[in-house]
Amino acid sequence: MTVRVLIVDDQEPFRMAARMVVEATDGFDVVGEAETGEDSVTMASDLLPDLVLMDVNLPGINGLDATRQILADNANSAVVLLLSTYEEEEYAPRAAECGAAAYIPKSVFGPDRLEEAWAAARGAADVS
Ligand SMILES: [Mg+2]
304 MTVRVLIVDD QEPFRMAARM VVEATDGFDV VGEAETGEDS VTMASDLLPD LVLMDVNLPG
364 INGLDATRQI LADNANSAVV LLLSTYEEEE YAPRAAECGA AAYIPKSVFG PDRLEEAWAA
424 ARGAADVS
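Numbers given in the numbering used here equal positions in the sequence shown, counted from 1, plus 303.
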């Protein structure tokens, strides 16, 4: 099974970097890219991705609110990973608050962290 990924970031270089990470990871494919929180909510409901890589700082609704809206959509069982430039210790609690499965600083985001976060999120879902 391929993990279908929606990338959300307002900055093109970060979308490209995220796409390279996803494409470099076995079993993961990019199905779409959104530039705003609003678009991410619409695209998540249209594409029903397995995984959303969500930037925190976005114009309009931010990544935390977009995450809440995506997770509130019952038709959608996507796992959301929040990404930004903040330190992990500082931001992980806020990620948990909005329902995101994990927070990963952009500076350390790569195939290993992607696979690890996905496996942890799937493991948590299987137990519940
Ligand atoms: Mg941003």
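Where is the CB? At the ideal position from N, CA and C, for every residue including glycine.
Since we're looking at a predicted model, the values are computed, not measured.
Residue nearest to Asn379 within the set Val359, Glu336, Gly363, Leu354 is Leu354 (criterion: CA-CA distance). A direct Cα-Cα distance of roughly 16 Å separates Arg397 from Ile373. Near ligand 1, meaning a Cβ closer than 5 Å to any of its heavy atoms, lie the following residues in chain order: Asp313, Asp358, Asn360. In the assembly as shown, Pro316 is an exposed residue. Its beta-carbon has fewer than 16 other beta-carbons within 10 Å. Apart from sequence neighbours up to five positions away, the residues of its chain that approach Val308 with a beta-carbon distance below 8 Å are Val325, Phe331, Asp332, Val333, Val334, Pro352, Asp353, Leu354, Val355, Leu356, ordered along the chain. In this structure Tyr406 is in contact with Glu391, their Cβ atoms being roughly 6 Å apart against a cut-off of 8 Å. Inclusion of Tyr389 and Pro408 in the CB contact set at 8 Å is warranted, their separation being smaller than that value.
Distance between Met304 and Arg425, taken at the CA atoms: about 13 Å. Around the beta carbon of Thr345, a 10 Å sphere encloses fewer than 16 other beta carbons of the protein chains shown; the residue is thus reported as exposed.
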